[in-house]
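For reference, the structure is listed below as structure tokens.
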Amino acid sequence: MILLRSLLYFALLMLSVAVFGLVIILLGGLLPGSFSDRVATAWGRTNLWLQRVICGLRYRIVGADNLPDGACIVMAKHQSTWETIALRGLLPPAQSWVLKRELLHLPIFGWGLRFVKSIPIDRSAGRRAVFKVVEDGSARLAEGRCVIIFPEGTRTAPGQRKKYGIGGGVLAERSGHPVVPIAHNAGVFWRRRGVKKYPGEIRVAIGEAIPADGRKAAEIVADVEDWIEAEVAAMPGSVDSS
Numbered sequence: 025m026i027l028l029r030s031l032l033y034f035a036l037l038m039l040s041v042a043v044f045g046l047v048i049i050l051l052g053g054l055l056p057g058s059f060s061d062r063v064a065t066a067w068g069r070t071n072l073w074l075q076r077v078i079c080g081l082r083y084r085i086v087g088a089d090n091l092p093d094g095a096c097i098v099m100a101k102h103q104s105t106w107e108t109i110a111l112r113g114l115l116p117p118a119q120s121w122v123l124k125r126e127l128l129h130l131p132i133f134g135w136g137l138r139f140v141k142s143i144p145i146d147r148s149a150g151r152r153a154v155f156k157v158v159e160d161g162s163a164r165l166a167e168g169r170c171v172i173i174f175p176e177g178t179r180t181a182p183g184q185r186k187k188y189g190i191g192g193g194v195l196a197e198r199s200g201h202p203v204v205p206i207a208h209n210a211g212v213f214w215r216r217r218g219v220k221k222y223p224g225e226i227r228v229a230i231g232e233a234i235p236a237d238g239r240k241a242a243e244i245v246a247d248v249e250d251w252i253e254a255e256v257a258a259m260p261g262s263v264d265s266s
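Numbering (my numbering), first residue to last: 25 to 266.
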């Protein structure tokens, strides 16, 4: 039953990408930029609802009041596909995501990303990728947007850790904008290489903003990593997969 529900949700996810993506592609260039942001946020919220109704997959947020009203840098744990959908619906609509540039070539989905002021990078470019994050990220922050970064770069299975990249810390150091850390255990219910979406409650913890003024990038990233990993370690790490 879990597999059947998961496959049904996947089909509706693809349908939602086509419907919402085409709306953004067809109208995003004609209407103000906030239009595409709002449509993308509606897509995220629609999928959160579908996950709950079809898969029995819910979420609970702690610390939502820690999100500032204005521009900030969000650094989030990356365990699954869930957070790439959910954060789009849970965070303020004015978002700019740091993502691998290959995603822009995906039909409909990638084309739509161009209308929501994404920050595509070549992950193999090393320091040039960091400069890209700083340059484009600073411009997006100046527009009052939130810049979303997964400092691990790729999805990491529950119980495992990867080195946090320095790009978000450099952006914080150079721009002076605070970093809001987000921890979750979505990978327990939606595994990075699995088809099944297990029912249950994903825990999401939003931390207090970590100040950047007068601090070095490495220090900022270390604080972010320590907070996120401590929070994740305290969350449930297994699910009944029967």
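For every residue, glycine included, the Cβ atom is placed at its ideal position computed from N, Cα and C.
| Query | Result |
| --- | --- |
| Considering only their Cβ atoms, is the gap separating V204 from A246 smaller than 7 Å? | no |
| Who are the near neighbours of P175 in its chain, counting only those whose CB is closer than 6 Å to its CB and skipping five residues on each side? | M99, Y188, G189 and G192 |
| Would you mind stating whether G87 and I230 have Cβ atoms separated by less than 7 Å? | yes |
| By alpha-carbon positions, which one of W67, I226 and P56 ends up nearest to F133? | W67 |
| So, are the CB atoms of W214 and S104 less than 7 Å apart? | yes |
| For K101, is the classification buried or exposed, using 16 other Cβ atoms within 10 angstroms of its Cβ as the cut-off for buried? | buried |
| Within this structure, are the beta carbons of P144 and R125 separated by less than 7 Å? | yes |
| In the DSSP assignment, the beta strand (DSSP E) including M25 goes from what residue to what residue? | No beta strand (DSSP E) contains M25, which DSSP labels as neither H nor E. |
| Assuming L127 and L111 form a contact by the criterion Cβ under 8 Å, report the distance between their Cβ atoms to the nearest whole angstrom. | No, L127 and L111 are not in contact; Cβ-Cβ is about 15 Å, not under 8 Å. |
| Counting only runs of 3+ residues fully inside the segment 213-266, write out the beta strand (DSSP E) ranges in chain order. | 224-230 |
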